[in-house]
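Visitor: As given, the protein sequences belong to chains A and B, one line each in that order. 1472 is the number of the first residue of the first sequence in my numbering; add one for each residue after it. 1248 is the number of the first residue of the second sequence in my numbering; add one for each residue after it. Built from N, CA and C at the ideal position, the CB exists for glycine as well. Handing you a structure now.
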Amino acid sequence: MSDPRIAGAGVTHFGEHPERTGRDLFAEAGLEALSAAGIDPEDAEALYYGNFMGELAEHQGHQGPLMAEAIGLDVPATRVEAACASAGAAIREAVKTIRNGEAEVVVVGGAERMTNIGTAAATDALAIAADDLYEVRAGMTFPGAYALMARSYFAQYGGSREDLAHIAVKNHEHALVNEHAQIQKEITVEDALEAPTIADPLGLYDSCPITDGAAAAVLTTEAYAAEHDLDAPVAITGTGQGGDNLALQDRPHLAQTPAADKAAEEAYDDAGVGPDDVDVAEVHDCFTIAEVFAIESLGFYERGEGIAAARDGETTRDGDLPVNLSGGLKAKGHPVGATGVAQLATVAWLLDGSHPRADAVPDGTVGVAHNAGGTVASTTVHVMEVQE
Amino acid sequence: MTESARDGEYDEWLDSIESGEGYYLECPNGHGWLPPRQVCPRCHERDLSRVDLPDSGEIASHTTITVPTPQFEDDAPYVTAIVDFGPVSVTGLVRDVDPDEVAIDDVVGLDVGERVTTGERAVVFRPR
Ligand SMILES: [Zn+2]
């Protein structure tokens, strides 16, 4: 069994591209990934592609073959849908395909077009990641669901809106040098606290923006990389996925994300590493509170301790464990179906030294990507390690 | 608006709330769920029976939503809460109370109301 090497990756600018179709965005990311990998496209054997709201945003289903065509591949192509963890789930399929020897070169990616339908329709589209009968019809929105979880966290463990604001400030600061990021603007704790509320206790600056964008990566075997003299030092050494009840009301805890606990445990076991080995992490901060859930589920913090990590400077770029050096979903943006692969690309670039924030982890050898769907009813975790 | 089919046991459940005979489904091990359910996802038991919902529950968490979906445009701002009824929790809209006054552990009763925007039925909680 060969742990897949990341031979190349491509990410579009994340932001508002209302006049660019999904296929156009994915073509840019996918072709960039193929070029960066230096792989003959004829050698690609499969595409796994993440997308969540294509039917609603573009009236386009069956996007797998469409996207293969968009990057010039004639391969079996499958769309994977797990809400905002669609691309993370696509990565797992790609990893398994390479590990089980079915293919030597697999393209994995994702794309989402969201801004063209406007904020109200996008809010509606995101909401359907929740339980339609029991949550959407009770007025649940995506921010609303995380607001319920945030209030529960505060009640159970303590913490405040100010703690959350520090997470937003950190991630905005990280994104300042990331040309792919949707928002490159420094903010203060006061800015975050004074921003309009969207679902209390969460305000506008606790929330990721609505984003168009695409990401892709080319995975290959160690043998293929060696044979073709590819520069592919980073391997995906661990993969994990966990699930949970879809509706928040059916879960024992509103302030924990056991699907992420399970995904992390599986990925760490798979890679043979533990939380203490991790040098850098990209986690799913669709809302500031989500970063807290993520770093606790990943085992970096005890329950109730993650809320203070950004305020205490531990997860900032000069801290012991930098989290979301890309700017996270908060500042980099969150084209939902592309996010998991964009995280994978970011971690790979941080570990191989080519990311503009790589100086925060000069000796980093182990990175983690945590991608959560909906209110964390789906989560994938991937461990990446430098192999040379 | 075109007429659409009722959503089976979900609408039947709303009917039961409306008539003051709300219920939930319970497995032999005491796990509670709202219908439709054919199996307990916690312990795989398929023998689910209808149990009367308690008259009141306690708010487990709540939020005042100011940026709604289009189906709730005229409802906003509104309070969505998860209410703990013991073996089962229910998500719904909190009515008849100032949003700023809603708090965790508040005791509420279960009702069915109409959404302002669409007139469709929704689960509603009112103070007890
Ligand atoms: Zn049971």
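Run down chain B in chain order and give the residues with a C-beta less than 8 Å from the C-beta of A:Ile-1669.
Guide: Counting from one through the first sequence, the residue named residue 1669 of chain A turns up at place 198. Here the neighbours are Ile-1312, Thr-1313 and Val-1314.
Visitor: Restricting to runs no shorter than 4 residues, where is the alpha helix (DSSP H) found entirely within the segment 1597-1636 of chain A?
Guide: Counting whole runs of 4 or more residues, the segment 1597-1636 of chain A contains the alpha helix (DSSP H) stretches 1613-1628.
Visitor: Could you give the distance in angstroms between the alpha-carbon of B:Arg-1297 and the alpha-carbon of B:Gly-1279?
Guide: Within the second sequence, residue 1297 of chain B is the residue found at index 50, counting from 1. Within the second sequence, residue 1279 of chain B is the residue found at index 32, counting from 1. So the two alpha carbons sit approximately 10 Å from each other.
Visitor: So which residues of chain A does B:Ser-1266 contact, with C-beta pairs closer than 9 Å?
Guide: Counting from one through the second sequence, the residue named residue 1266 of chain B turns up at place 19. The premise fails here: B:Ser-1266 is roughly 19 Å from chain A at the closest Cβ pair, so nothing lies under 9 Å.
Visitor: What did DSSP end up calling A:Ile-1542 once you bin it into helix, strand or coil?
Guide: The residue you call residue 1542 of chain A lines up with position 71 of the first sequence. Of the three classes helix, strand and coil, the one that applies to A:Ile-1542 here is coil, per DSSP.
Visitor: Whose CA, out of A:Gln-1627, A:Ala-1591 and A:Tyr-1624, lies closest to the CA of A:Phe-1613?
Guide: Counting from 1 along the first sequence, the entry for residue 1613 of chain A is found at position 142. Ranking the options by Cα distance to A:Phe-1613, first place goes to A:Ala-1591.
Visitor: For the beta strand (DSSP E) that contains A:Gly-1521, what are its first and last residues?
Guide: One-based indexing of the first sequence puts residue 1521 of chain A at position 50. It spans 1517-1521 - the beta strand (DSSP E) in which A:Gly-1521 sits, taken as one unbroken run.
Visitor: Can you determine whether any heavy atom of ligand 1 sits closer than 7 Å to the C-beta of B:His-1278, and answer yes or no?
Guide: Against the second sequence, residue 1278 of chain B aligns to sequence position 31. Result yes, Cβ under 7 Å from ligand 1.
Visitor: Applying a beta-carbon distance threshold of less than 7 Å, which residues of chain A neighbour B:Leu-1281?
Guide: Along the second sequence, one-based indexing puts residue 1281 of chain B at 34. The contacting residues are Tyr-1605.
Visitor: Tell me whether the beta-carbon of A:Ala-1508 lies closer than 8 Å to the beta-carbon of A:Gly-1479.
Guide: The count along the first sequence starts at 1 and reaches residue 1508 of chain A at position 37. The count along the first sequence starts at 1 and reaches residue 1479 of chain A at position 8. Yes. Within cutoff.
Visitor: With three or more C-beta pairs closer than 8 Å as the rule, is the segment 1674-1687 of chain A touching the segment 1324-1343 of chain B?
Guide: No contact exists between the segment 1324-1343 of chain B and the segment 1674-1687 of chain A.
Visitor: Answer with yes or no whether the minimum CB distance from B:Tyr-1257 to chain A is below 8 Å.
Guide: Walking along the second sequence from the start, residue 1257 of chain B turns up at place 10. Yes, contact with chain A.
Visitor: Around the Cβ of A:Ala-1517, are there at least 16 other Cβ atoms within 10 angstroms (buried) or fewer (exposed)?
Guide: Locating residue 1517 of chain A in the first sequence gives position 46, counting from the first residue. Buried: at least 16 other Cβ atoms inside 10 Å.
Visitor: According to DSSP, simplified to helix, strand and coil, what is B:Thr-1316?
Guide: Counted from its first residue, the second sequence places residue 1316 of chain B at position 69. DSSP places B:Thr-1316 in coil when its eight states are reduced to three.
Visitor: Would you call the CB atoms of A:Tyr-1605 and B:Leu-1295 closer than 8 Å?
Guide: Indexing the first sequence from 1 puts residue 1605 of chain A at position 134. Indexing the second sequence from 1 puts residue 1295 of chain B at position 48. Against a cut-off of 8 Å, the Cβ pair of B:Leu-1295 and A:Tyr-1605 comes out as no contact.
Visitor: Taking C-beta to C-beta, are A:Val-1854 and A:Val-1837 nearer than 8 Å?
Guide: Counting from one through the first sequence, the residue named residue 1854 of chain A turns up at place 383. Counting from one through the first sequence, the residue named residue 1837 of chain A turns up at place 366. It is a contact, given that the beta carbons lie within the stated cut-off.
Visitor: Any beta carbon of chain E sitting closer than 8 Å to that of B:Val-1337?
Guide: Of the chains in the structure shown, none is chain E; the protein chains are A and B.
Visitor: Taking only runs of the beta strand (DSSP E) that begin and end inside the segment 1546-1590 of chain A, which ones reach a length of at least 3 residues, in chain order?
Guide: If we require 3 residues or more, the beta strand (DSSP E) runs fully inside the segment 1546-1590 of chain A come out as 1548-1551 and 1576-1583.
Visitor: How far does the alpha helix (DSSP H) with A:Ile-1798 in it extend, from its first residue to its last?
Guide: Residue mapping note: residue 1798 of chain A aligns to position 327 of the first sequence, counting from 1. Correcting the residue identity first, residue 1798 of chain A is Gly in this sequence and not Ile. No alpha helix (DSSP H) holds A:Gly-1798; DSSP gives it neither H nor E.
Visitor: Per DSSP, which one or two residues make a beta bridge with B:Trp-1280?
Guide: Residue numbering aside, residue 1280 of chain B sits at position 33 when the second sequence is read from its first letter. Paired residues: B:Leu-1272.
Visitor: Sort out for me which residues DSSP pairs B:Phe-1372 with in a bridge.
Guide: Mapped onto the second sequence, residue 1372 of chain B falls at position 125. Beta-bridge pairing links B:Phe-1372 to B:Val-1341 and B:Leu-1357.
Visitor: Let me check you understand the geometry: is the CB of B:Arg-1289 closer than 7 Å to at least one non-hydrogen atom of ligand 1?
Guide: Taking the first residue of the second sequence as position 1, residue 1289 of chain B is located at position 42. For ligand 1, at least one heavy atom lies less than 7 Å from the Cβ of B:Arg-1289.
Visitor: What did DSSP end up calling A:Ile-1510 once you bin it into helix, strand or coil?
Guide: Working through the first sequence from its first residue, we reach residue 1510 of chain A at position 39. A:Ile-1510 falls in the coil class under three-state DSSP.
Visitor: Can you check whether the C-beta of B:His-1291 is within less than 8 Å of a C-beta belonging to chain A?
Guide: Walking along the second sequence from the start, residue 1291 of chain B turns up at place 44. Output row for B:His-1291: interface = no.
Visitor: Does the count of Cβ pairs from the segment 1554-1571 of chain A and the segment 1798-1813 of chain A closer than 8 Å reach three?
Guide: Verdict: yes, contact present.
Visitor: Compare the Cα-Cα distances from A:Asp-1834 to each of A:Tyr-1772, A:Val-1749 and A:Thr-1692 and report the closest residue.
Guide: As a working mapping, residue 1834 of chain A is identified with position 363 in the first sequence. Here the closest residue by C-alpha is A:Val-1749.
Visitor: Taking only the alpha-carbon atoms, compute the straight-line gap between A:Val-1839 and A:Val-1818 and give it to the nearest angstrom.
Guide: Here residue 1839 of chain A corresponds to residue number 368 of the first sequence, with the count starting at 1. Here residue 1818 of chain A corresponds to residue number 347 of the first sequence, with the count starting at 1. Using only the alpha carbons, I get a separation of about 7 Å.
Visitor: Is the closest heavy atom of ligand 1 to the C-beta of B:Cys-1274 under 7 Å?
Guide: Within the second sequence, residue 1274 of chain B is the residue found at index 27, counting from 1. Yes; taking the cut-off as 7 Å, the Cβ of B:Cys-1274 has a heavy atom of ligand 1 nearer than that.
Visitor: Given the structure, does A:Glu-1564 come close to ligand 1, in the sense that its CB is under 7 Å from one of the ligand's heavy atoms?
Guide: As a position in the first sequence, residue 1564 of chain A is number 93, starting the count at 1. Answer for A:Glu-1564: no, Cβ out of range of ligand 1.
Visitor: According to DSSP, what are the bridge partners of A:Phe-1758?
Guide: Along the first sequence, one-based indexing puts residue 1758 of chain A at 287. Answer by DSSP bridge pairing, in chain order: A:Ser-1678.
Visitor: Please report how far the alpha carbon of A:Tyr-1695 lies from the alpha carbon of A:Glu-1575, in whole angstroms.
Guide: Within the first sequence, residue 1695 of chain A is the residue found at index 224, counting from 1. Within the first sequence, residue 1575 of chain A is the residue found at index 104, counting from 1. Each residue's Cα considered, the two are about 7 Å apart.
Visitor: Check whether the Cβ atoms of A:Ala-1500 and A:Gly-1580 sit closer than 8 Å, and answer yes or no.
Guide: Residue mapping note: residue 1500 of chain A aligns to position 29 of the first sequence, counting from 1. Residue mapping note: residue 1580 of chain A aligns to position 109 of the first sequence, counting from 1. In this structure, A:Gly-1580 lies closer than 8 Å to A:Ala-1500 by Cβ.
Visitor: Ordered along the chain, which non-local residues of its own chain (more than five positions away) have a Cβ less than 6 Å from that of B:Val-1363?
Guide: Mapped onto the second sequence, residue 1363 of chain B falls at position 116. Result list for B:Val-1363: Asp-1321 and Asp-1322, in chain order.
Visitor: Can you pull the DSSP bridge partners for A:Ser-1849?
Guide: Locating residue 1849 of chain A in the first sequence gives position 378, where the first residue counts as 1. Bridge partners of A:Ser-1849: A:Gly-1714 and A:Gly-1844.
Visitor: Check this for me: beta carbons of A:Ala-1843 and A:Ala-1761, under 8 Å apart or not?
Guide: Sequence index remark: in the first sequence, residue 1843 of chain A carries index 372 (1-based). Sequence index remark: in the first sequence, residue 1761 of chain A carries index 290 (1-based). Yes, the pair counts as a contact, with Cβ atoms nearer than the cut-off.
Visitor: Decide yes or no for the touch test of the segment 1771-1781 of chain A against the segment 1631-1638 of chain A: beta carbon pairs closer than 8 Å, at least 3 of them.
Guide: Because the criterion of three Cβ pairs below 8 Å is met, the segment 1771-1781 of chain A and the segment 1631-1638 of chain A touch.
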